[in-house]
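Read the structure below first, then the notes.
Number of protein chains: 2
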Amino acid sequence: MQVVCSAAIVSANIFSTTSRDDPSPADTEVPELPEPTLKDVAALAGVSPRTVSNVVNGYVHVAAATRAKVEAAIQELDYRPNILARNLASGRSGQIAVVIPYLDTPYFSELLQAIIPRARHRGFNVLIDQTDGDPAHEAELIRRRPRGFAYDGMIFSPLGLAQADLSQRDPDLPLVVLGERSSDGEFDHVGIDDVAAARDAVDHLISLGHRRIAAIGDQPYRTGEAAQRRTAGYRQAHEHAGLPVDDSLVIVTPRFNRVDGAEAMGHLLDREDPPTAVFAYSDLVALGAIRTILQRGLRVPEDVAVIGYDDIEDGRYNTPTVSTIAPDKAGIAAAAVDRLLERIDSGNDLPGKEIVCPYRLVPRESTVGPVTPD
Amino acid sequence: MQVVCSAAIVSANIFSTTSRDDPSPADTEVPELPEPTLKDVAALAGVSPRTVSNVVNGYVHVAAATRAKVEAAIQELDYRPNILARNLASGRSGQIAVVIPYLDTPYFSELLQAIIPRARHRGFNVLIDQTDGDPAHEAELIRRRPRGFAYDGMIFSPLGLAQADLSQRDPDLPLVVLGERSSDGEFDHVGIDDVAAARDAVDHLISLGHRRIAAIGDQPYRTGEAAQRRTAGYRQAHEHAGLPVDDSLVIVTPRFNRVDGAEAMGHLLDREDPPTAVFAYSDLVALGAIRTILQRGLRVPEDVAVIGYDDIEDGRYNTPTVSTIAPDKAGIAAAAVDRLLERIDSGNDLPGKEIVCPYRLVPRESTVGPVTPD
DNA sequence: GTGAAAGCGCTAACAG
DNA sequence: CTGTTAGCGCTTTCAC
Chain B
1 MQVVCSAAIV SANIFSTTSR DDPSPADTEV PELPEPTLKD VAALAGVSPR
51 TVSNVVNGYV HVAAATRAKV EAAIQELDYR PNILARNLAS GRSGQIAVVI
101 PYLDTPYFSE LLQAIIPRAR HRGFNVLIDQ TDGDPAHEAE LIRRRPRGFA
151 YDGMIFSPLG LAQADLSQRD PDLPLVVLGE RSSDGEFDHV GIDDVAAARD
201 AVDHLISLGH RRIAAIGDQP YRTGEAAQRR TAGYRQAHEH AGLPVDDSLV
251 IVTPRFNRVD GAEAMGHLLD REDPPTAVFA YSDLVALGAI RTILQRGLRV
301 PEDVAVIGYD DIEDGRYNTP TVSTIAPDKA GIAAAAVDRL LERIDSGNDL
351 PGKEIVCPYR LVPRESTVGP VTPD
Chain P
1 MQVVCSAAIV SANIFSTTSR DDPSPADTEV PELPEPTLKD VAALAGVSPR
51 TVSNVVNGYV HVAAATRAKV EAAIQELDYR PNILARNLAS GRSGQIAVVI
101 PYLDTPYFSE LLQAIIPRAR HRGFNVLIDQ TDGDPAHEAE LIRRRPRGFA
151 YDGMIFSPLG LAQADLSQRD PDLPLVVLGE RSSDGEFDHV GIDDVAAARD
201 AVDHLISLGH RRIAAIGDQP YRTGEAAQRR TAGYRQAHEH AGLPVDDSLV
251 IVTPRFNRVD GAEAMGHLLD REDPPTAVFA YSDLVALGAI RTILQRGLRV
301 PEDVAVIGYD DIEDGRYNTP TVSTIAPDKA GIAAAAVDRL LERIDSGNDL
351 PGKEIVCPYR LVPRESTVGP VTPD
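Spelled out as structure tokens, the structure:
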């Protein structure tokens with residue numbers, strides 16, 4: 001419950017802009033010397049522009065003496081190639097777009113943290129585009145390159161779009177889609193085996209003795225494919241253990257965030273026969289659910305055990321720490337970047353490929369309780 | 001305490017790459033028609049390239065009839081300008097860099113979420129660079145434009161660099177620095193009044209009756225300017241209330257994260273005379289501190305009250321919710337972007353400007369306790 | 001208000 | 001292995 005700040009306590013500065021005009025003492029109009037060009041370097045080194053280009057781009061077949069001369073000239077002029085010119089000439093921007101629903105959702109920001117260095121190491125810069133899961137925005141992004149943005153390929157994490165909608169894409173856009181493939185497609189997919197992971201999560205709860213296990217996060221509509229795979233795993237675990245599935249324990253939520261988790265948990269606890277354990281489809285949902293459980297004066301995991309999905313940092317520092325399915329984010333990032341660059345290099349002339357990355361089940365306090373240090 | 005997954009529970013897929021070769025039935029070698037150019041449009045519309053350019057760029061002085069002809073031609077050819085060519089010709093990339101220490105730190109990701117749409121609305125794309133607070137990396141970024149990256153200006157949130165180090169920058173780089181100015185500089189600053197905000201936070205604790213108030217997050221070395229401003233505010237609040245400052249209650253931490261908060265709080269609670277309230281220099285520090293307090297079986301705020309800084313989403317959903325200083329992130333983002341674009345447009349020929357944005361004190365459960373709904 | 005033409009600085013055939 | 005040369009597709013002075 002948030003207290004809206006009352007006038008007495010609030011201290012709000014007026015948006016003031018104080019311009020201290022730093023009367024720059026050395027206001028000498030510098031001759032504005034132009035940046036040296038490749039041609040300048042060539043002239044100084046006494047070689048052709050072509051050779052300078054070769055040196056700059058690290059071509060192998062350059063005589064050592066020539067290379068030395070050119071490098072000396074580059075040093076002397078403090079030459080740096082003009083990327084804008086290179087881009088035009090080569091027809092490449094050296095940038096890839098990463099399209100995700102939410103930048104501030106920990107799972108995505110953690111994934112980004114892995115993608116960016118990987119791409120950069122390969123000489124590519126990353127453009128980030130946040131869609132808010134808006135289907136129109138997502139569709140627009142893959143249908144044609146939006147005006148004003150330059151990128152050579154895209155890593156795309158769809159939320160508002162179903163897999164089927166992806167067929168409407170610009171066929172010339174090198175594309176790698178995050179998340180498991182749930183229908184046929186002609187591009188690359190990178191993800192973990194959601195069904196197996198969900199099954200493992202629920203198996204874990206069952207192995208702890210739980211028999212009434214709720215699932216929070218189902219999305220039984222066409223864009224809810226990722227959620228549906230988790231639900232499938234939930235059912236498989238029950239089947240495998242010979243337990244019946246109580247469909248009323250499978251809770252639908254519009255999103256995978258804290259609020260949804262908190263509300264859904266509230267409804268579950270209002271029942272006459274609340275579950276003893278919960279499989280949340282994301283760690284944020286799990287955190288929301290845990291908050292509700294604690295607010296009701298119940299304990300986690302003694303009264304209700306909770307397991308999440310994603311292994312975000314928040315879950316590792318929560319009280320209690322949150323058990324979870326931990327996808328190999330670094331592996332996913334590496335696979336996605338590498339495949340996309342491969343695709344770009346090939347002129348986008350590659351068959352669709354399915355890349356399945358590892359995951360781990362990580363039991364923490366929210367299912368097994370506090371661990372006493374040895 | 002995290003249980004490292006034991007072999008029995010872990011389910012780790014081998015990194016398998018199953019290539020389903022989608023034998024694309026329609027493997028018809030498309031004639032690979034080249035993208036239409038501005039020249040093509042001009043030819044079709046019967047005008048000069050110049051005129052097409054004028055239309056595309058929304059120039060005012062184009063006869064209505066001409067414009068209509070050109071637009072029809074654009075439609076017909078499905079023409080989109082080649083950004084790479086435009087960039088070279090105009091000497092602009094249409095991109096700005098935003099350099100922050102950590103992408104997954106909620107404060108920065110929330111700020112980014114505000115910066116990106118603002119920049120995009122103005123026709124600029126945002127490149128994100130994460131420095132991990134590495135001084136060498138930060139220095140390199142402002143010293144000269146790194147090879148391979150194209151941007152017209154930079155919004156920079158320094159962490160490893162002191163304000164004084166910023167003078168070493170490339171004077172031709174349009175630069176807006178986030179955070180309050182603490183020494184003289186010749187570029188723009190955008191931030192809130194940290195000293196006043198910190199003072200307000202501590203005033204709030206004092207007004208609740210607290211007399212022994214700890215501060216967690218001081219950084220008494222040259223790059224810790226932001227922390228030092230908070231400490232100054234902490235002292236001012238004490239002075240103002242006629243309270244003595246116990247220097248041993250001002251805790252130094254290397255960073256502003258959960259772990260540091262948790263550890264510092266541990267030390268404070270180990271004392272014979274623990275504080276009854278804590279001013280944490282970030283919400284993450286506050287969250288870490290709260291976790292430690294709860295783990296010791298103490299209550300927040302009854303035994304120890306905690307107030308943070310930044311107003312991140314995690315604090316709004318924590319148990320208890322975290323009182324905080326809420327900077328106007330949207331205002332900061334807007335001011336930074338607008339000023340940077342102004343600077344770019346002016347050819348970087350503008351005096352340094354100090355922009356101070358508003359903030360609010362937001363009391364929540366961690367200081368005033370649960371609020372009973374009416 | 002519109003046309004003509006000269007680059008922007010680099011890459012990449014094509015020679016040699 | 002290196003020089004020559006023609007663009008990449010757009011913007012932008014300069015005239016008319």
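First to last, the sequence lines map onto chains B and P. Residues 1 to 374 (the UniProt record's numbering) are what the first sequence spells out, left to right. Residues 1 to 374 (the UniProt record's numbering) are what the second sequence spells out, left to right. From the three backbone atoms N, C-alpha and C, an ideal C-beta is built for every residue, glycine too.
Using a Cβ-Cβ cut-off of less than 8 Å, give me the residues of the stretch 30-58 of chain B that come near chain P, in sequence order. Interface annotation for the stretch 30-58 of chain B against chain P: empty, criterion Cβ-Cβ distance under 8 Å.
Bridge partner(s) assigned by DSSP for P:P327: Paired residues: P:Y359.
Within the 8 Å Cβ cut-off, does B:A232 reach chain P? Not an interface residue.
Contact the stretch 316-326 of chain P vs the stretch 337-353 of chain P: 3+ CB pairs below 8 Å: Segments in contact, no.
With a threshold of 6 Å on Cβ separation, who are the neighbours of B:A286 within its own chain once the five nearest residues in sequence on each side are excluded? The residues are A280, V306, G308 and V322.
For P:L178, which beta-bridge partners are listed by DSSP? Paired residue(s): P:V190.
Can you tell me whether DSSP reads B:D218 as helix, strand or coil? In the displayed model, B:D218 falls within a strand according to three-state DSSP.
For B:P54, three-class secondary structure by DSSP: The sequence given here has Asn at residue 54 of chain B, not Pro. Of the three classes helix, strand and coil, the one that applies to B:N54 here is helix, per DSSP.
Spell out the partners DSSP gives P:L350 in its beta bridges. In DSSP, P:L350 forms no bridge with anything.
At the level of alpha carbons, what is the spacing between P:R255 and P:V362? In this structure, the CA atom of P:R255 is about 23 Å from the CA atom of P:V362.
On the CB-based measure, 16 or more other CB atoms within 10 Å of its CB, does B:L93 come out buried or exposed? Strictly speaking, residue 93 of chain B in this sequence is Ser, with Leu absent from that position. Classification for B:S93: buried.
Does the CB of B:G123 have a neighbour CB from chain P at under 8 Å? Yes - at least one Cβ of chain P is within 8 Å of the one on B:G123.
Which residues of the stretch 247-263 of chain B have a Cβ closer than 8 Å to any Cβ of chain P? Give them in chain order. Cβ contacts with chain P: R258, V259 and A262.
Sorted by chain position, which residues of the same chain lie with C-beta nearer than 8 Å to P:D303's C-beta, five sequence neighbours on each side aside? Around P:D303: T276 and I293.
To which residues does DSSP link B:I96 through a beta bridge? For B:I96, which the question treats as bridged, DSSP gives the partners B:V126 and B:G153.
Neighbour flag for P:G297 against chain B, beta carbons, 8 Å: Taking Cβ atoms only, chain B never reaches closer than 8 Å to P:G297, which makes this a no.
When the cut-off is 8 Å and only beta carbons count, does P:R67 lie next to chain B? False, the Cβ-Cβ gap to chain B never drops below 8 Å.
When you compare the CB of B:I155 with every CB in chain P, is at least one pair closer than 8 Å? With 8 Å as the cut-off, B:I155 does not count as an interface residue toward chain P.
Can you confirm whether P:L84, when its beta carbon is compared against all beta carbons of chain B, has any partner nearer than 8 Å? Yes, P:L84 lies at the interface with chain B (some Cβ there is under 8 Å from its Cβ).
From what residue to what residue does the alpha helix (DSSP H) around P:V250 run? Per DSSP, P:V250 is not a residue of any alpha helix (DSSP H); the beta strand (DSSP E) it occupies stretches across V250 to V252.
Chain-ordered residues of the stretch 112-139 of chain P with a beta carbon less than 9 Å from chain B: Cβ contacts with chain B come from L112, Q113, I116, P117, R120, G123, F124, N125, V126, L127, I128, D129 and Q130.
Going straight from the alpha carbon of B:N76 to that of P:R86, what length do you get? Checking the displayed sequence, the identity of residue 76 of chain B turns out to be Glu instead of Asn. Cα to Cα, B:E76 sits roughly 30 Å from P:R86.
Looking at the secondary structure, which residues open and close the beta strand (DSSP E) in which P:A277 lies? Where P:A277 is concerned, the enclosing beta strand (DSSP E) stretches over A277 to A280.
Is there a Cβ of chain P sitting closer than 8 Å to that of B:E110, yes or no? It does: the Cβ of B:E110 has a partner Cβ on chain P nearer than 8 Å.
Quick one: Cα of residue 420 of chain B to Cα of B:D170, how far? What the structure shows of chain B is the stretch from 1 to 374, and residue 420 of chain B is not part of that stretch, so it cannot be assessed.
Cα-Cα separation, P:D246 to P:V368: Spanning the alpha carbons of P:D246 and P:V368 requires a straight line of approximately 24 Å.
Hey, is P:L103's beta-carbon within less than 8 Å of any beta-carbon in chain B? Chain B contact via Cβ: present.
Is it buried or exposed for P:A72, if we count other Cβ within 10 angstroms and need 16 for buried? P:A72 comes out exposed.
Tell me P:A213's beta-bridge partners as DSSP assigns them. The sequence shown places Ile at residue 213 of chain P, not Ala. Beta-bridge partners assigned by DSSP to P:I213: P:A277.
Span separating the alpha-carbon of P:A232 from that of P:Q95: Near 37 Å, if we compare the C-alpha coordinates of P:Q95 and P:A232.
Does DSSP put P:A63 in a helix, in a strand, or in coil? Correct three-state label for P:A63: coil.
Contact set for B:R360: own chain, Cβ-Cβ below 7 Å, skip 5 residues either direction: Contacts found: A326.
Does P:A150 come within less than 8 Å of chain B when only Cβ atoms are used? Chain B places a beta carbon closer than 8 Å to that of P:A150, counting this residue as a contact.
Is there contact between the stretch 261-269 of chain B and the stretch 235-244 of chain B, where contact requires at least three CB pairs shorter than 8 Å? No: the two stretches stay apart, fewer than three of their Cβ pairs being nearer than 8 Å.
Chain P contact for B:S24 (CB, 8 Å cutoff): The predicted model places B:S24 with a pLDDT of 40, which falls under 50 and marks its position as unreliable, so this point remains unresolved.
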